[in-house]
Amino acid sequence: MQAVEPVHSLIPDAPHAPVIRVRGETLTELPQDLYIPPDALEIFLDAFEGPLDLLLYLIRRQNLDVLDIPMAALTKQYMAYVEAARATRLELAAEYLLMAAMLIDIKSRMLLPRREQAEDANEVDDPRAELVRRLLEYEQMKLAGQHLYAMPQAGRDFDTVSVFVPAASRQWPSIHAEELAAAWLAILSRAKNRTHHRIGRQELSIR
Numbered sequence: 010m011q012a013v014e015p016v017h018s019l020i021p022d023a024p025h026a027p028v029i030r031v032r033g034e035t036l037t038e039l040p041q042d043l044y045i046p047p048d049a050l051e052i053f054l055d056a057f058e059g060p061l062d063l064l065l066y067l068i069r070r071q072n073l074d075v076l077d078i079p080m081a082a083l084t085k086q087y088m089a090y091v092e093a094a095r096a097t098r099l100e101l102a103a104e105y106l107l108m109a110a111m112l113i114d115i116k117s118r119m120l121l122p123r124r125e126q127a128e129d130a131n132e133v134d135d136p137r138a139e140l141v142r143r144l145l146e147y148e149q150m151k152l153a154g155q156h157l158y159a160m161p162q163a164g165r166d167f168d169t170v171s172v173f174v175p176a177a178s179r180q181w182p183s184i185h186a187e188e189l190a191a192a193w194l195a196i197l198s199r200a201k202n203r204t205h206h207r208i209g210r211q212e213l214s215i216r
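Structure (structure tokens):
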């Protein structure tokens with residue numbers, strides 16, 4: 010029986026993608042005598058666009074209420090992803106580590122006793138409020154992006170057709186200078202024969 014490291018699966022449904030790592034060697038097929046520990050962690054690497062995308066995935070996968078997030082369970086799952094990624098020598102972006110610190114801070118503040126009555130009735134004394142707001146805004150932007158991506162795009166869904174139309178050459182009418190001078194004199198003569206009229210305004214009394 011072969012000794013293996015915890016299984017770390019890659020992008021879901023990716024063809025010919027590595028699925029396991031045995032003694033540092035990446036394999037694309039499962040050996041018949043492979044033993045998978047019960048605590049093996051399944052991770053989708055490179056499938057998330059950022060920490061908010063990862064959090065939203067964890068929330069939706071567990072059918073959690075985004076307005077009432079169980080911080081203990083969410084923080085545990087998020088930290089498991091971070092630790093597993095670091096164990097496989099993956100370079101995490103600083104924003105993932107920053108989000109981890111934020112989750113731990115929110116979890117710690119959730120353990121503190123809350124004020125029985127807030128000074129302002131409209132005040133929401135919930136450490137999760139900022140995180141919930143960011144998650145909802147990110148989900149709206151993600152859905153909008155998916156809607157835009159589903160729209161037909163040139164080069165992906167259809168090809169553009171361009172037709173070359175040669176520029177038509179201009180042909181000026183053949184006319185002599187004497188004819189232009191005669192036409193101009195005719196225009197001036199017609200202008201002199203016009204009489205301009207001006208109608209004045211008449212004031213009427215309503216008395």
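According to my numbering, the residues represented by the sequence shown are 10 to 216, in order.
By construction, the Cβ of each residue, glycine as well, lies at the ideal position given by its N, Cα and C atoms.
In the stretch 79-148, which residue ranges form an unbroken beta strand (DSSP E) of at least 3 residues, counting only runs that do not cross its ends? none
Could you check where the alpha helix (DSSP H) with Leu36 kicks off and where it finishes? It is not in any alpha helix (DSSP H) - Leu36 instead sits in the beta strand (DSSP E) that spans Glu34 to Leu36.
Residues bridged to Ala163 by DSSP? Phe167
Can you say whether Asn131 is buried or exposed, counting buried as having 16 or more other CB atoms within 10 angstroms of its CB? For Asn131, the pLDDT reaches just 49, beneath the cut-off of 50, and the residue's location in the model is therefore unreliable, leaving the point undetermined.
Residues near Leu83 in its chain [Cβ-Cβ closer than 8 Å; skip 5 each side]: Only Leu64, Leu67, Ile68, Leu73 and Leu112 meet the Cβ criterion.
Over what stretch of residues does the alpha helix (DSSP H) that includes Ser198 continue unbroken? Ala186 to Lys201
Nearest-angstrom Cα separation, counted from His206 out to Ala200: 14 Å
Same chain, Cβ closer than 7 Å to Ala103, five either side skipped, listed in chain order: Here Ala103 has no same chain residue with a Cβ atom under 7 Å from its own Cβ, once five neighbours each way along the sequence are excluded.
If you draw a straight line from the C-alpha of Ala81 to the C-alpha of Lys116, how long is it? 6 Å
If Leu101 sits next to Val91, beta carbons under 8 Å apart, how far is it from one beta carbon to the other, in whole angstroms? 7 Å
Apart from the five residues on each side of it in sequence, which residues of its chain come closer than 8 Å, Cβ to Cβ, to Leu76? Val141
Rounded to the nearest angstrom, what separates Pro136 and Tyr44 at their Cα positions? 42 Å
Buried or exposed: Tyr158, going by 16 or more other Cβ atoms within 10 Å of its Cβ? exposed
Is Ala153 helix, strand or coil by DSSP? helix
Please look up how many angstroms separate the CB atoms of Tyr87 and Ala109, rounded, as I've assumed it's under 8 Å. For a cut-off of 8 Å, the C-beta gap from Tyr87 to Ala109 is around 6 Å, short enough to register as a contact.
Beta carbon of Phe167 nearer than 8 Å to that of Pro161: yes
Give a yes or no on whether the C-beta atoms belonging to Thr169 and Ala163 are separated by under 8 Å. For Thr169 and Ala163, yes; Cβs fall inside 8 Å.
Who are the Cβ neighbours of Arg95 in its own chain at under 7 Å, not counting the five residues just before and after it? Leu101
Nearest-angstrom Cβ-Cβ length linking Arg143 and Leu61, presumed shorter than 8 Å: 6 Å
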